[in-house]
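Residue numbers (UniProt numbering), protein chains in the order written: chain W, 1 to 156; chain R, 1 to 156. For glycine and all other residues, C-beta sits at the position ideal for the given N, C-alpha and C. Predicted, not measured: the structure shown is a model, and the values here were computed from it. Down below is the structure, laid out as structure tokens.
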DNA sequence: ATGCTACTGTTCGTATACAAATAGTACGTC
DNA sequence: GACGTACTATTTGTATACGAACAGTAGCAT
């Protein structure tokens with residue numbers, strides 16, 4: 001049986017469209033695999049990539065509003081809301097009213113949150129390493145650059 | 001203010017961890033942007049990338065079981081279930097019992113489904129094009145190759 | 001025939017992701 | 001000082017994504 005026979009069939013009439021080579025499909029699968037690896041590396045602490053991102057950014061900023069945290073971590077207001085709620089519920093994040101703007105909330109890390117971020121950092125690095133395991137140093141730089149261009153929609 | 005002053009702050013004690021340069025973060029943002037573009041291109045037909053993928057694969061295979069469709073489109077059984085249910089509800093997909101294996105279901109495209117795939121194809125191509133707009137032909141090939149390696153976790 | 005293993009689809013619970021709409025408040029202009 | 005615009009967080013609804021557990025059945029070994 002020729003490869004042609006297996007790859008065509010009923011699609012003969014239609015224009016050829018190979019799902020596996022579409023950028024969206026490969027992007028989704030690559031992301032899925034990374035999330036799976038991340039969950040594996042972070043199993044002990046049970047943090048999702050989004051939760052970890054939020055914790056890291058709160059640490060960087062010391063104190064942030066919820067919406068700003070969402071912008072820093074690429075999550076819309078409705079999404080970051082849920083993420084933050086779960087972090088507060090686990091006692092990792094503290095929420096207090098903003099002293100100047102009553103609309104805004106002030107998010108900070110609890111002591112437990114700071115400790116957890118510290119112990120999570122090496123695990124996050126391991127997730128990155130395992131995701132990129134089969135890529136050379138040059139390939140990693142290329143991928144980083146190309147994905148950044150894709151993500152921003154700009155030229156660099 | 002030096003760039004150092006803005007990039008450190010309270011993270012002084014901790015090891016430096018730049019979220020924006022982590023592969024998982026960039027991967028997520030790139031995927032988000034593509035999904036957004038796809039939704040934009042497909043607004044008229046209101047198909048998600050996953051729904052479109054499923055339709056294309058059913059067309060390729062003429063008839064598939066639900067779980068196999070999930071494997072072809074990189075969705076686990078619980079996820080593909082919901083996707084297929086919505087496609088059936090919209091009258092795009094037909095479900096019939098498998099003649100040989102009573103556990104299995106036979107999914108096929110309805111006439112409406114076939115027509116919709118045909119008109120959706122150019123829109124999906126446009127989504128791909130717009131996502132990759134800022135990349136040269138060589139860069140697109142590189143990205144495709146690198147993402148494929150990431151997705152499979154293998155060397156090519 | 002019996003039994004073991006693997007696979008079918010399904011359900012439940014949790015966690016993103018985002019559009020759309022909401023109430024409340026800041027901030028600028030006039 | 002009123003006012004429109006923009007921003008704060010929140011709610012609702014829909015759609016993935018997936019671990020875990022489930023009943024039912026196929027297929028194979030004995």
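| Check | Outcome |
| --- | --- |
| Taking the straight line between their C-alpha atoms, what separation do you get for residue 51 of chain W and residue 124 of chain W? | 12 Å |
| Quick check: the segment 26-41 of chain R against the segment 54-72 of chain R, are there 3 or more CB pairs under 8 Å? | no |
| Rounded to whole angstroms, what's the CA-CA distance from residue 141 of chain R to residue 80 of chain R? Just pull it up for me. | 29 Å |
| Is residue 149 of chain R buried or exposed, if buried means 16 or more other CB atoms sit within 10 Å of its CB? | buried |
| What does DSSP give as the partner residues of residue 77 of chain R in its beta bridges? | Answer is none; residue 77 of chain R lacks a bridge partner. |
| First and last residue of the alpha helix (DSSP H) that includes residue 95 of chain W? | Where residue 95 of chain W is concerned, there is no enclosing alpha helix (DSSP H), although the beta strand (DSSP E) it sits in stretches over 93-97. |
| Does the count of Cβ pairs from the segment 25-36 of chain W and the segment 23-36 of chain R closer than 8 Å reach three? | yes |
| Quick check for students: name the residue ranges of the beta strand (DSSP E) that lie wholly in the UniProt domain "HTH marR-type" (20-152) of chain R, counting only runs of 3 or more. | 93-97 and 105-109 |
| If you draw a straight line from the C-alpha of residue 131 of chain W to the C-alpha of residue 22 of chain R, how long is it? | 11 Å |
| In whole angstroms, what separates the C-alpha of residue 70 of chain R from that of residue 57 of chain R? | 10 Å |
| Output the distance between the C-alpha atoms of residue 168 of chain W and residue 116 of chain W, rounded to the nearest integer angstrom. | Because chain W is modelled from 1 through 156, residue 168 of chain W falls outside the range shown and cannot be assessed. |
| Given a cut-off of 8 Å, decide if residue 45 of chain W and residue 109 of chain W are closer than it, judged by their beta-carbon atoms. | no |
| Which chain R residues are close to residue 57 of chain W, counting only those with a beta carbon under 9 Å from its beta carbon? | 19 |
| Using the beta-carbon count (16 or more within 10 Å), is residue 96 of chain W buried or exposed? | exposed |
| Determine the direct distance from the alpha carbon of residue 89 of chain W to that of residue 102 of chain W, and round the result to whole angstroms. | 22 Å |
| Does the CB of residue 127 of chain R have a neighbour CB from chain W at under 8 Å? | yes |
| Could you tell me which of W:72, W:106, W:137 and W:114 sits nearest to residue 146 of chain R, measuring between CA atoms? | W:137 |
| Which residues in chain R have a C-beta closer than 7 Å to the C-beta of residue 51 of chain W? List them in chain order. | Chain R residues near residue 51 of chain W: none, gap ~13 Å exceeds 7 Å. |
| For residue 91 of chain W, which residues in the same chain have their Cβ closer than 8 Å to its Cβ, ignoring the five residues on either side in sequence? | 110, 112 and 113 |
| For a contact defined as C-beta to C-beta under 8 Å, what are the partners of residue 112 of chain W on chain R? | Correct list: empty, because the minimum Cβ distance to chain R is about 15 Å. |
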